[in-house]
Structure formats: C-alpha cells, structure tokens
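S.K.: Residue numbers (the working numbering), protein chains in the order written: chain S, -5 to 275; chain F, -5 to 275. Ideal placement from N, C-alpha and C gives every residue a C-beta, glycine not left out.
Number of protein chains: 2
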Amino acid sequence: MEVIERPDEMQRRALQWWREGKVIGFVPTMGYFHEGHLALMRRARQECDVVVVSIYVNPLQFGPREDFQRYPRDLPRDLRMAESVGVDVAFVPKDEDMYPEGFQTFVEVTELTRGLEGFYRPGHFRGVTTVVAKLFNIVLPHKAYFGEKDFQQLRVVQRMVRDLNMPVEIVPCPTVREEDGLAMSSRNTYLNAEERKAASALFRALQRADQLFREGERRVAKLKAAIWDALSDEPLVHPQYVEIVDAETLQPIFVIEHPAVILLAAFVGTARLIDEWLLIP
Amino acid sequence: MEVIERPDEMQRRALQWWREGKVIGFVPTMGYFHEGHLALMRRARQECDVVVVSIYVNPLQFGPREDFQRYPRDLPRDLRMAESVGVDVAFVPKDEDMYPEGFQTFVEVTELTRGLEGFYRPGHFRGVTTVVAKLFNIVLPHKAYFGEKDFQQLRVVQRMVRDLNMPVEIVPCPTVREEDGLAMSSRNTYLNAEERKAASALFRALQRADQLFREGERRVAKLKAAIWDALSDEPLVHPQYVEIVDAETLQPIFVIEHPAVILLAAFVGTARLIDEWLLIP
Chain S
-5 MEVIERPDEM QRRALQWWRE GKVIGFVPTM GYFHEGHLAL MRRARQECDV
45 VVVSIYVNPL QFGPREDFQR YPRDLPRDLR MAESVGVDVA FVPKDEDMYP
95 EGFQTFVEVT ELTRGLEGFY RPGHFRGVTT VVAKLFNIVL PHKAYFGEKD
145 FQQLRVVQRM VRDLNMPVEI VPCPTVREED GLAMSSRNTY LNAEERKAAS
195 ALFRALQRAD QLFREGERRV AKLKAAIWDA LSDEPLVHPQ YVEIVDAETL
245 QPIFVIEHPA VILLAAFVGT ARLIDEWLLI P
Chain F
-5 MEVIERPDEM QRRALQWWRE GKVIGFVPTM GYFHEGHLAL MRRARQECDV
45 VVVSIYVNPL QFGPREDFQR YPRDLPRDLR MAESVGVDVA FVPKDEDMYP
95 EGFQTFVEVT ELTRGLEGFY RPGHFRGVTT VVAKLFNIVL PHKAYFGEKD
145 FQQLRVVQRM VRDLNMPVEI VPCPTVREED GLAMSSRNTY LNAEERKAAS
195 ALFRALQRAD QLFREGERRV AKLKAAIWDA LSDEPLVHPQ YVEIVDAETL
245 QPIFVIEHPA VILLAAFVGT ARLIDEWLLI P
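(1) Straight-line CA distance for Ala33/S to Gly80/S?
(2) Residues bridged to His232/S by DSSP?
(3) If you run the structure through DSSP and keep just helix, strand and coil, what is Gly80/F?
(4) If you drop the 5 nearest sequence neighbours on each side, which residues of the same chain put their C-beta closer than 7 Å to that of Leu148/S?
(5) Only counting runs of 3 or more residues, tell me where the beta strand (DSSP E) segments fall wholly within the stretch 113 to 147 of chain S, in order along the chain.
(6) Tell me the rounded alpha-carbon separation between Ala315/S and Asp2/F.
(7) What three-state label does DSSP hand Ser194/F in the structure shown?
(8) Can you give me, in chain order, the residues of the stretch 9 to 32 of chain F that have a beta carbon less than 7 Å from any beta carbon in chain S?
(9) Report all residues from its chain with a CB closer than 7 Å to the CB of Glu234/F; omit the five preceding and five following residues, and keep chain order.
(10) If we ignore side chains and look at the alpha-carbon of each, how far apart do Gln201/F and Lys216/F end up?
(11) State yes or no: is the beta carbon of Ile132/F nearer than 8 Å to at least one beta carbon in chain S?
(12) Is the CB of Leu54/F under 8 Å away from at least one CB in chain S?
(13) At 7 Å on the CB atoms, spell out the chain F contacts of Leu158/S, in chain order.
(14) Taking Val103/F as the query, report the chain S residues whose CB atoms sit under 7 Å from its CB, ordered along the chain.
(15) With a 10 Å radius around its C-beta and 16 neighbouring C-beta atoms as the bar for buried, classify Phe248/S as buried or exposed.
(16) Could you give the C-beta distance for Leu134/F and Pro135/S, rounded to a whole number, given that I count them as a contact under 8 Å?
(17) Find the nearest neighbour of Val101/F within the set Leu110/F, Glu242/F and Leu54/F, judged by alpha-carbon distance.
(18) Let me know if Trp12/F comes out buried or exposed under the rule of 16 or more other beta-carbons within 10 Å of its beta-carbon.
(19) From the beta carbon of Leu110/F, is the nearest beta carbon of chain S less than 8 Å away?
(20) Determine the direct distance from the alpha carbon of Val151/F to that of Val170/F, and round the result to whole angstroms.
(21) If you run the structure through DSSP and keep just helix, strand and coil, what is Val170/F?
(22) Going by C-alpha distance, which of Pro94/F, Met35/F and Arg198/F is nearest Ala220/F?
(23) I need the DSSP call for Val86/F, collapsed to helix, strand or coil.
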C-alpha cells in the first residue's frame, strides 16, 4: 500500500487511473479505524479496481468548543489496518495543503443541514461538504462509501452530489455495532468502563422502539416517548435530541407511512455519541 | 454539431470522451454570441480534441431587480455561430434540469466576492460559482475558457478551482472590443444609437488612464481622478464604481508596484456595462 500526502500527487495518480480505465473506489475517513471503516474498505475492495482511503481529521467540520484537538489519531495503526484489507493508496493530506493561506471557497447544502446535527453543530456540515467536495476532486472516485451511522451526513452528501452533478456514486453501508449494540465510532474511545457500559442504552432504546414499531405502533410521539423513557433509565446518558424523520428528506413526520429513521445524539461522559435506526413500514 | 439538453446525457458523453483519452475544452456562456465568445471557442478548438459550449442564462446569478427576463436570447443564431467555429457540442440545459425541485447546494467564494461586482450585485457570484461547479461536473473539461472582460468573475472562478482542487485548467482570454473600443457584451444590445455612441467613453477613460500610467503615473488616486474626469464628460454615462486593484488579489492599492487592473461599472441608459484594463508596471 502506498501513502500519498500531497493533493496534487494524489490527483495525478487518480487521473492516471482514469486514463487506464480503472474504477476508483474511495473511503473518506478521519482515521482511528474500527470495524465500521474496514467494512467500507472491504466493500470498496470488492467493487472497484483501485481503492483509496483518505485519513484526515478535517478542522473545518469541528466547532470551536468541539473535540478537534483530542480527536483520537493513530496513523501507523490505521495504515496497517488499511493495508490488511487490501487498500491501494492511503491519502493522508496535511492541513496546510488542504486549506492553504487564502482558502475561501465553501460548499453548502442549505436545507437538509438546518436541523438535527446541523442545529447542535453549526457549521459542521459546511465543513463536511467542503472537504468531501475537495476530496472527490482530488481522488476522482467512481464510487464513494459512507456509513449510515452518520445518517444525516450521508443524506447531505447525497444531496450535494446530486445538486452539483458530481460524477460519483455514493454507496451507503450499514452501521457496524459492538456485541452489545453500541454503534462503532472513533469517539467511543472517550468512554471510561462505566460510561462504555451505559452507552449501550442508546441501542437498547432503539431496539425498544423497533419492537413497538414491529408490533404495529406507527405514531412518532409514542415511539419517541418509549426511546426517551428507555434512555432516562441510564443516568450516565444525557440525550441531546431524539427525532424520527422521513428517511429520505429528514423532514418531521407524525405517523410513519414511508421509510423513517430514528436519529439521536447523547452525551455519555465527555463523548457525544450519535446513532440511527431505520423503520420501514 | 450536436445539441444536448440533458445534463445526464452531456455527462455520459463527457465520460465517454475521458475513456477515449480526449482532451475536452469548454466555453461556458449565457449565449447571444459576439466575437468575444467566438474567440473563446476558436481558442478551445485550437487546443482541445473536443469543444463544448454551454448556452444557459443562469437565473441564480441574477438579482431580483436585474435583467434576467430581458437578457437577450437567440438560440438558433448562437447554434449557427458555434457550428461555424467548429464547436462539437452545444450544451443547452433547461432550468428544471439544472435546478430541480429540492435543489439546495451552493458553492461560495467568500473574500474575493465582497467588493466590486459582489457589492453591487449581492448573490451574483454565488450563482456564478454554483453554476460553473455544476457545469464543470457535467462537461468534465480539461480546459475551460473565460473572458477577461468579467475580470472579477475570472479571479473568483480561478480561486474556486484552486480551493476545491477541481481538475480543470482555467484559460483567461483577452477582452474583445468593438472598433471604438467598447468591450463586447451581450448587454450592448440594450443601448440605443445615442447611448451606444456615449458608451465608448468607458474605453476612452481607460485609455486616458493607460496613457498617464505609461507616462509614469503610479498613484492610484491620480489615475482614478483622470478616469472619473473622462467619464464625467459624457452625460449619458453614469459610473457606479471605478477601482484600481491588485490584478491577482483584487485588493485595494494606493501605488502601483505590481500588475494592477482598472475595473469599472457604469449604467448607460438601462444597460449596466463593465470593463477592465490591465496596468503592468
């Protein structure tokens, strides 16, 4: 596996692959890999001729009081893991090459980013869409793989790709979970043992709603009440929002008649965790 | 010459050219061609394997009180002219395909767009960068040709391309002028005979400044005074701004020590005209 640091070199390589007719698969990440990342890379490996993973903790998508500084990083381990699943190139750019002096261009999705994560993390999605647009132009992928765990991010990126006619296929991949159901996340490393145990309440709350849904409950108010109820049993979990919205538009709904998604965010200790669960009637 | 209306069909064609190793030249326009447009197309014809011209009056770059509705249009004439200079494909998209329901993604250059045209036409450059980003993703050009007449637009597009790592080379082309020096513009059609005659005052004012500059004058205040003075001789010309700025950064300067550019806008009758003139010490 090759490691490329410079955007212009990465783009030259990508253009070469295009000339050779290679199908490029791309997994954009912030590193500190877990099985969720590896699942994206394995899928890309199956479907594409060459696989690029980017490892870049993008400062633009962190708020001023967020965890940019302490976000976990372990590049040597990441590179070993990426190589172990057959990644061809790890693209590991530097801040000064991604955002050189004078940088001033931003990509913004305006509606889908207003609520949910966008409400609690102002500017976050502008940072995400800007860096993803840059990465797509550098890596020139035919297919790009995104986890459903960051569900709103997935919808925002899909919207950007469609609105700006980007010639790339977004491939959503299911959330990968720990044994007790906790969604895998690099931020789980912030949890101490007690918090780690408490964090599984998020999954249990989603499961409780799923059970009610399967038993026929279609009223969002009832399902949300059950989730809040389940979460309130766990004193270490401090939910920020629990919403059930249309799975395509992320618009509020009252009764589930089309595919819907539960989206929630909660602080557990200093870790801000998010999760998602699809409800398909 | 082929005419393509649908963005997805245009993109399929562009991807086919990429597979064939063809170099794609692109001239984005709002149509109603004049010699300035043709100069861009001829240059693209010389330098590229295939040449695409887009003809699209982009509603997103017009303000609510601007001339979107009455902007001149003559597609049959444009197609004949494009064919006459060897264009391969005219891309002529429809509003509902460029901005379908739910469209909500914008590309914005923040600093370079604050002053000059950006001050008098709020939102204009956001419309320009958004549509150019879309067109680049649809046509996938290796080289794109822009006139220096819209000088700030050129710098804004160059900045966007650089900041977002777009794999395209921007080729600036000199302003083409009428016999009396008036910069060619589709908007010149708004001028009646008397206004048309008066409009040449813009060029004469630029020439006056250029003469002083060549005689050694480097003080921006003196040069601007000479331009305002020359413009004020012509009662039908109502200047909106006259600025002399760094030709790269478009930042204000007081004394010309590096390449600078005179940028001005003026109403002549109902036509809002702009012009530019480089001053290279």
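M.R.: Reading it off the structure:
(1) About 12 Å.
(2) Its beta-bridge partners are Phe261/S.
(3) The three-state secondary structure of Gly80/F, taken from DSSP, is coil.
(4) Counting only Cβ-Cβ distances below 7 Å, and skipping sequence neighbours, we find Phe140, Glu142 and Pro166.
(5) Counting whole runs of 3 or more residues, the stretch 113 to 147 of chain S contains the beta strand (DSSP E) stretches 137 to 141.
(6) What is shown of chain S runs -5 to 275, which leaves residue 315/S out entirely.
(7) Here Ser194/F sits in helix by DSSP.
(8) So the list reads Leu9, Trp12, Arg13 and Gly15, given in the order they occur along the chain.
(9) For the sequence presented, residue 234/F should be read as Gln rather than Glu. Within its own chain, the residues whose Cβ lies closer than 7 Å to the Cβ of Gln234/F, once the five positions on either side in sequence are excluded, are Tyr114, Ala259, Ala260 and Phe261, listed in chain order.
(10) For Gln201/F and Lys216/F, the distance between alpha carbons rounds to 14 Å.
(11) Taking CB atoms only, Ile132/F has a neighbour in chain S less than 8 Å away.
(12) Leu54/F does not count as touching chain S.
(13) Ordered by position in chain F, the residues that pass the 7 Å Cβ test against Leu158/S are Thr99, Ala127, Lys128 and Asn131.
(14) Here the neighbours are Gln98 and Thr99.
(15) Its Cβ having fewer than 16 others within 10 Å, Phe248/S is exposed.
(16) The Cβ separation is near 14 Å, so there is no contact.
(17) Put simply, of Leu110/F, Glu242/F and Leu54/F the residue whose alpha carbon is nearest the alpha carbon of Val101/F is Leu54/F.
(18) A residue is called buried when at least 16 other Cβ atoms come within 10 angstroms of its Cβ; Trp12/F meets this threshold and is buried.
(19) No - not a single Cβ of chain S is within 8 Å of the one on Leu110/F.
(20) Computed Cα separation, rounded: 20 Å.
(21) Three-state result, Val170/F: coil.
(22) Per the Cα distances, Arg198/F.
(23) Collapsing the DSSP output to three states places Val86/F in coil.
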